[in-house]
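K.L.:
Per the working numbering, the very first residue in the sequence shown carries number 279; after that it's consecutive.
One structure follows; several queries about it will come next.
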Amino acid sequence: MTDQNSFQFGVEIELLMGSRKKAHSNWKSLAKDLSKRLLKAGISNHINESNDKSQDNYREWSITQEITIPSQPAKSLFGLELVSPIYSIYASWATDLETIFSVLHGKFTLHPSPHCSTHVHISGTPHPLSPSELAALAKSALYYEPALDALVPPARRGSAYWCQSNRSNPSLTGLDLATCLDALGHAGSSVRHVVEAMNLFPANSPYGRAHGRQKDFVRGKVYKWDFTGMMSGGRGTVEFRQAPGSVAAADATGWVTLAVAFVVGAMAVGPQLGGVGVGEGASAEELWALLAGGAEVLGWESLGAAEGLFGQAG
279 MTDQNSFQFG VEIELLMGSR KKAHSNWKSL AKDLSKRLLK AGISNHINES
329 NDKSQDNYRE WSITQEITIP SQPAKSLFGL ELVSPIYSIY ASWATDLETI
379 FSVLHGKFTL HPSPHCSTHV HISGTPHPLS PSELAALAKS ALYYEPALDA
429 LVPPARRGSA YWCQSNRSNP SLTGLDLATC LDALGHAGSS VRHVVEAMNL
479 FPANSPYGRA HGRQKDFVRG KVYKWDFTGM MSGGRGTVEF RQAPGSVAAA
529 DATGWVTLAV AFVVGAMAVG PQLGGVGVGE GASAEELWAL LAGGAEVLGW
579 ESLGAAEGLF GQAG
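Written out as C-alpha cells, the structure reads:
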C-alpha cells in the first residue's frame, strides 16, 4: 500500500424481519415496503431480485432475499439482506446506517437469529492490496483469531458452516499457529498463493463431491475471512464474515469500524508476526492495540462504536 492509497468498503446486513402493520405473504412484498420507506427517509435503494453482483448494483443500497435465513411465513417473517453501496472510509456511512435502522425499528420488527450475520468487504483504493499486504492481513487474521472470537457469540467462533476458522482449511489444518504464520509468510509472493493458503476447501467434502471435484479447490465464503475476491476477475476485496447479525445501528457501525481498522492495522503489524513467541494467538489487549493503530492511520479520533463490542465481550 502506497502512502497515497486509501480504503473503501461495503457492508451486507442480514435480517430476519417483518412489518409492524402489514402481514406480508412473501419476501418481495416485504422488500417493496422496506424499499419505499427507506427512499422516503432519503436512502436511495433498489430491490435486487436476482442478486446480481454487477457494479451498477453497488451505486446505492440494495435489498435481496437471504435464503440462508429460514423464513417463517406463518409469522410473516422473512430473511432479507441489505447491501450497501461502496463507501469511502470518510463518507457519511455511519449516518446512513443510523437512518436505516431508525426506519427498521420504527416500521418493522427485527428478530435476532443465529442464521444472521454482518459481512464487511474492504479494498484498497486506487490500488488493490499487494500480495505482501494480503499475506500480512492473513497472518493477522490467524494470530488475532482468539481475540476476535471473544467478541462474537459462540456460534460465530468456528462451529457454523458459513463461518469456519481459516485454519481448518486443507492448507493449514493440523498445523500449529507458528507453522501457519510461517506458511503465510512464504505465500506472500503471489495473491493466488495467499488465497489458497487461507481459503482452500476439501474435494472430499459433501460440497466437493456433489460438484465432482477431484482436488481441493478455492471456496472462501465458508470461512471467517474470504480472500477470494482478490483473485483475477474478483472485486478486489477481502471479506470479514465472522460478525453476527446486527439489530441496531451501533452493531453494524461497530463491526464496520472494527473490520476496516483491523485491515489497516494489519498492514503494519502483520509483516512482523513470526513463529517465535506467538503462543496460541493474541489477547484482547493486543487486538485493541492493533485496532487503535489502524484508527490512527485512518485519522479517526477513536474506535467509536467498535469500543462497545469489547464492552459486550464476556
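Backbone N, C-alpha and C define an ideal beta-carbon position, used for all residues, glycine too.
Is the CB-CB distance between P431 and G559 below 8 Å?
P.N.:
Cβ distance not < 8 Å, so P431 and G559 don't count as in contact.
K.L.:
Give me the Cβ distance between L360 and I341, rounded to the nearest whole Å; I'm assuming they're in contact under 8 Å.
P.N.:
About 6 Å; that satisfies the 8 Å criterion.
K.L.:
With a floor of 4 residues, list each alpha helix (DSSP H) that falls wholly inside the stretch 348-389, ordered by position along the chain.
P.N.:
Segments of the alpha helix (DSSP H) lying fully in the stretch 348-389: 371-385.
K.L.:
Measuring straight from C-alpha to C-alpha, what distance separates V496 and G514?
P.N.:
Near 16 Å, if we compare the C-alpha coordinates of G514 and V496.
K.L.:
On the criterion of 16 or more Cβ atoms from any shown chain inside 10 Å, does Q286 qualify as buried, or is it exposed?
P.N.:
Q286 is buried by the Cβ-count criterion.
K.L.:
For I291 and A372, I'd like the C-alpha separation in whole angstroms.
P.N.:
So the alpha carbons of these two residues sit roughly 14 Å apart.
K.L.:
For I345, is the classification buried or exposed, using 16 other Cβ atoms within 10 angstroms of its Cβ as the cut-off for buried?
P.N.:
Answer is exposed; the Cβ neighbour count stays below 16.
K.L.:
For the beta strand (DSSP E) containing L294, name the first residue and the last one.
P.N.:
Counting along the chain, the beta strand (DSSP E) containing L294 begins and ends at S284 to S297.
K.L.:
Could you check whether the stretch 435-452 touches the stretch 549-568, counting it as contact only if at least three pairs of C-beta atoms, one from each stretch, sit closer than 8 Å?
P.N.:
Contact between the stretch 435-452 and the stretch 549-568 is absent, because fewer than three Cβ pairs lie under 8 Å.
K.L.:
Which value, in whole angstroms, describes the spacing of the CA atoms of V575 and A488?
P.N.:
The straight-line gap from Cα to Cα measures roughly 45 Å.
K.L.:
Per DSSP, which one or two residues make a beta bridge with V516?
P.N.:
Looking at the DSSP assignment, V516 forms a beta bridge with I400.
K.L.:
Does the beta carbon of G543 sit closer than 8 Å to a beta carbon anywhere in chain E?
P.N.:
The structure shown contains no chain E; it holds only a single protein chain.
K.L.:
For the stretch 498-506 against the stretch 375-388, are there 3 or more C-beta pairs whose distance is under 8 Å?
P.N.:
No: the two stretches stay apart, fewer than three of their Cβ pairs being nearer than 8 Å.
K.L.:
Applying the criterion that 16 or more other CB atoms from any shown protein chain within 10 Å of the CB defines a buried residue, is H417 buried or exposed?
P.N.:
It should be noted that the sequence gives Lys, not His, for residue 417. K417 comes out buried.
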